[in-house]
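Undergrad: When we follow UniProt numbering, the leftmost residue of the sequence shown carries the number 1, and every step to the right adds one.
We put the beta carbon where it would ideally sit given N, CA and C, even for glycine.
One structure coming up, written as structure tokens, with questions to follow.
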Amino acid sequence: MRTRSGRSLAAPTSVGNPNNSRSKRRRDGSPQAAPKSSSSSLSGENKSKLYVVYYEFESREQIYYVHEFDISNVNDDGDKVKSPSKPVLTLHVPKYPSGMGVASLGSKIYFVGGCYCGANHVLSTDLYVYDTKEKLTVKKGQPMKAGKLLPIVLTINGRIYVISRKPHTETTPRAEVFNPNDDSWATLPDPPFCFDVDCPYGVEAYTVKNSTIFLSSRDEGIYFLDVAEPSVWRQLRVAGGVRPFPFRSVAQSVDEICYACHQEGKHIIQPYDFITSNGGAFLQEIKVLHPVEPKFKRLEFFVECDVVSLGDGKLGLIRSGFDDIPFLGEPVVEGRLYITLDVFQVVLSIYSHAVSFFRLYSSTYVIADHQAIRGFPFGAFFLM
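See the structure below:
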């Protein structure tokens, strides 16, 4: 959709936070929310299949599932629920590390880092590659130089960047880049955060704009690294002192706008402008004229959401969660896990500088029909 008053956009991701009280558990994110994969720009690409990597961790064993959804001919199903085929890939812990990060390039999904969290608690340097075209099994790639648990994984210009989420818990190098063309790793400068074992620092939010990675923490503020000239991390000057990003987990930048997914607040998808002024910078909310409201309303527990660009000005909102779960001392209930996909046309008005979201279709898939187990999506990718 293009109008005289606007231009089409596209965008992509984020994740919730733990909370143990019953009054707050509804629509909360998972504990130990996984780092989401991010791409520097997906604008203009046509994607036909959605891959969701789901990590199940409250069962007899921890398992990664890769689900495939063909969205080339998706109809607007609304509240109708469809059952997808069996996962195209299943990875069991401890054969594979727990807490891996995940990213995609081309037709391949990459799993990296994590932990063999047995008695010895060994951080993993492993890299595993799954080719969605071959649909065979994973292949082991060249390992990283240092292990990283729940790492931040970003793709920029055909490279995979892996960064420690809690730098004080891990050894150097805490940031590395993988080149899939020659299967090699290169060391990047360590993020300049505190490395004291008592330091509570951890990356809470991050995004990529062009070739620059931005990391945000509550106490340390925002640091950035331009991977085109990765010599040193710099602190972002922000008016009013240290100020973190106004979102959690990852937001993706498309056409100079950041899109973040919020579990609470006025809008599920909130666009932000990157404003620079007097040598500093900050994110400013952009007005939403036609807000995003998911059609499927039955997600109530452990809800996660991702925003992913489909290209051609289309944006996908991916949500996962349960319709019911058992609480301590209550009768066991049968909770079902759903994944929903809402697709919107995104239009930015050049006059009012506001964003409108126009729904094109909505589909819902039931993934499990059993006593509720905890888990969360590690990543969502649109691939050919």
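For residue 399, which of TYR351, ALA119, THR132 and GLY114 has the nearest alpha-carbon?
TA: Any answer about residue 399 is impossible in this case: the structure gives the chain only from 1 up to 384.
Undergrad: Note the first and the last residue of the continuous beta strand (DSSP E) segment covering ALA175.
TA: Counted from its first residue, the sequence shown places residue 175 at position 175. 175–179 is the span of the beta strand (DSSP E), which, as asked, contains ALA175.
Undergrad: Ends of the beta strand (DSSP E) at ILE213?
TA: Within the sequence shown, the letter at position 213 stands for residue 213. Looking at the DSSP string, the run of the beta strand (DSSP E) that includes ILE213 is 212–217.
Undergrad: In whole angstroms, what is the alpha-carbon distance linking PRO31 and ASP312?
TA: Taking the sequence shown and counting its residues from 1, one reaches residue 31 at position 31. Taking the sequence shown and counting its residues from 1, one reaches residue 312 at position 312. Unreliable positioning characterises PRO31 in this predicted model, as indicated by a pLDDT of 32, which lies under 50. The coordinate reading is nonetheless provided below. The straight-line gap from Cα to Cα measures roughly 35 Å.
Undergrad: Under 8 Å, do ILE71 and LEU50 count as touching if we go by C-beta distance?
TA: Your numbering for residue 71 matches position 71 in the sequence shown. Your numbering for residue 50 matches position 50 in the sequence shown. Yes, the Cβ-Cβ distance between ILE71 and LEU50 is below 8 Å.
Undergrad: Here's a check: name, in chain order, each residue in its chain whose Cβ is nearer than 6 Å to the Cβ of PRO244, leaving out the five neighbours to either side.
TA: Taking the sequence shown and counting its residues from 1, the one referred to as residue 244 is at position 244. Hits under 6 Å: SER216 and ARG218.
Undergrad: Please work out which residues of its chain come closer than 7 Å, Cβ to Cβ, to HIS92, disregarding the five sequence neighbours upstream and downstream, and give them in chain order.
TA: What you label residue 92 is simply residue 92 of the sequence shown in a count that begins at 1. Taken in chain order, the residues that qualify are GLU61 and ILE63.
Undergrad: Check this for me: beta carbons of TYR96 and TYR128, under 8 Å apart or not?
TA: Residue numbering aside, residue 96 sits at position 96 when the sequence shown is read from its first letter. Residue numbering aside, residue 128 sits at position 128 when the sequence shown is read from its first letter. Their beta carbons are under 8 Å apart, which means TYR96 touches TYR128 by this criterion.
Undergrad: Leaving out five residues on either side along the sequence, give the residues of the same chain with a beta carbon under 7 Å from the beta carbon of TYR116.
TA: Sequence index remark: in the sequence shown, residue 116 carries index 116 (1-based). Around TYR116: PRO94, PRO97, VAL122 and SER124.
Undergrad: Does ARG359 come out as helix, strand or coil in the three-state DSSP assignment?
TA: As a working note, residue 359 is residue 359 in the sequence shown. Strand, per DSSP.
Undergrad: Check for me: the beta strand (DSSP E) holding HIS92 runs from which residue to which?
TA: Translated into positions along the sequence shown, residue 92 becomes position 92. Counting along the chain, the beta strand (DSSP E) containing HIS92 begins and ends at 89–92.
Undergrad: So if DSSP puts LYS287 in a beta bridge, which residue, or which two residues, is it bridged to?
TA: For this step, residue 287 is matched to residue 287 along the sequence shown. Under DSSP, LYS287 takes part in a beta bridge, and its partners are ALA354.
Undergrad: With 16 other CB atoms within 10 Å as the buried threshold, where does PRO291 fall?
TA: Start at 1 with the first residue of the sequence shown, and residue 291 comes out as number 291. Per the 10 Å Cβ criterion, exposed.
Undergrad: Is PHE247 helix, strand or coil when you go by DSSP?
TA: Here residue 247 refers to the residue found at position 247 of the sequence shown. It is coil, neither helix nor strand.
Undergrad: Short check: CB of SER356 to CB of VAL343, under 8 Å?
TA: By 1-based counting over the sequence shown, the position of residue 356 is 356. By 1-based counting over the sequence shown, the position of residue 343 is 343. Against a cut-off of 8 Å, the Cβ pair of VAL343 and SER356 comes out as no contact.
Undergrad: By DSSP, does HIS267 sit in helix, in strand, or in coil?
TA: Working through the sequence shown from its first residue, we reach residue 267 at position 267. HIS267: coil per DSSP, three-state reduction.
Undergrad: Take LYS108 and list the residues in its own chain whose beta-carbon comes closer than 6 Å to its own, dropping the five residues that flank it on each side.
TA: Along the sequence shown, read from residue 1 onward, the residue named residue 108 stands at position 108. Cβ within range, chain order: VAL129 and ASP131.
Undergrad: Taking ASP323 as the reference, give the member of LEU341, PHE302, LEU310 and LYS314 with the closest Cα.
TA: Reading the sequence shown from its first residue, position 323 is the one you call residue 323. Comparing Cα positions, the closest option is PHE302.
Undergrad: Give the C-beta separation of ILE160 and LEU105 to the nearest angstrom, bearing in mind that I take them to be a contact with Cβ-Cβ under 8 Å.
TA: As a first step, residue 160 must be located in the sequence shown, where it is residue number 160. As a first step, residue 105 must be located in the sequence shown, where it is residue number 105. Confirmed, Cβ separation roughly 7 Å.
Undergrad: Taking the C-alpha atoms as reference points, what is the distance between ARG359 and ASP77?
TA: Along the sequence shown, read from residue 1 onward, the residue named residue 359 stands at position 359. Along the sequence shown, read from residue 1 onward, the residue named residue 77 stands at position 77. Going by the C-alpha atoms only, they are around 12 Å apart.
Undergrad: Could you check how far apart the C-beta atoms of GLY147 and GLU170 are, in whole angstroms? I think they sit under 8 Å.
TA: Numbered from its first residue, the sequence shown carries residue 147 at position 147. Numbered from its first residue, the sequence shown carries residue 170 at position 170. That belief holds up - the Cβ atoms of GLY147 and GLU170 are roughly 7 Å apart, short of 8 Å.
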